[in-house]
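Report on the structure given below.
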Amino acid sequence: MQERQGKFFELDIPRCTDSFFKESFRMSRECFRILCQRVCSLEKRDTTFMKCIPLEKRNKIDENVKEFEAMGFPQCFGALDGCHIEVKPPKNEAYDHYNYKGWYSMVLLALVDYR
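Going by the working numbering, 162 is the number at position 22 of the sequence shown; the sequence numbering is gapless.
Written as C-alpha cells, this is what we have:
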C-alpha cells in the first residue's frame, strides 16, 4: 500500500496504471478528461439552494486540514460527534423521541475545528 501524500489528484492519479484508474473511477482516463472539460463551467457560485463558501472560509478549511494533519489526522477538516440527551416529550410526540436504546431522547450533534 502506498503512503498517502494528501495530493491524490496531483501525485497519485498520474502515476497509477490505466487499469487501476478504470477500476477506481469506473471510466477510462479519456472519458474522465472529457467529463472534466464539460463540467469546468460549474465553478463555485451561489445557487437557489445554498450560498457558495466564501474564499476566506475556504482558506479556513485549508488551515483546519493542516492542523488536523499535524495531529495525525490527514485529510480531515472537522470532528463530528453526537450523544443522546434524555427528554420527557409530550405524549403526542413521544414516538418521535423514542430511541433504539429504549428511552426518550434528542440527539445532540457537534462539529468542531482543530482547536
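By construction, the Cβ of each residue, glycine as well, lies at the ideal position given by its N, Cα and C atoms. Because the structure is a prediction, the values reported are computed rather than measured.
Going by CA-CA distance only, name the one from 211, 219, 234, 245 that's closest to residue 227. 245
Quick check: the stretch 190-201 against the stretch 229-242, are there 3 or more CB pairs under 8 Å? no
Start and end of the alpha helix (DSSP H) containing residue 174? Run containing residue 174: 169-179, per the alpha helix (DSSP H) assignment.
Starting from residue 226 and walking both ways along the beta strand (DSSP E), at which residues does that stretch end? 219-226
Starting from residue 165, trace the alpha helix (DSSP H) both ways and give me its first and last residue. It spans 158-165 - the alpha helix (DSSP H) in which residue 165 sits, taken as one unbroken run.
Between 234, 173, 225, 208, which lies nearest to residue 249 when the distance is taken from Cα to Cα? 225
Span separating the alpha-carbon of residue 220 from that of residue 235: 26 Å
First and last residue of the alpha helix (DSSP H) that includes residue 253? First-last for residue 253: undefined, no H or E at that position.
Boundaries of the alpha helix (DSSP H) in which residue 235 is found, first to last residue: 234-237
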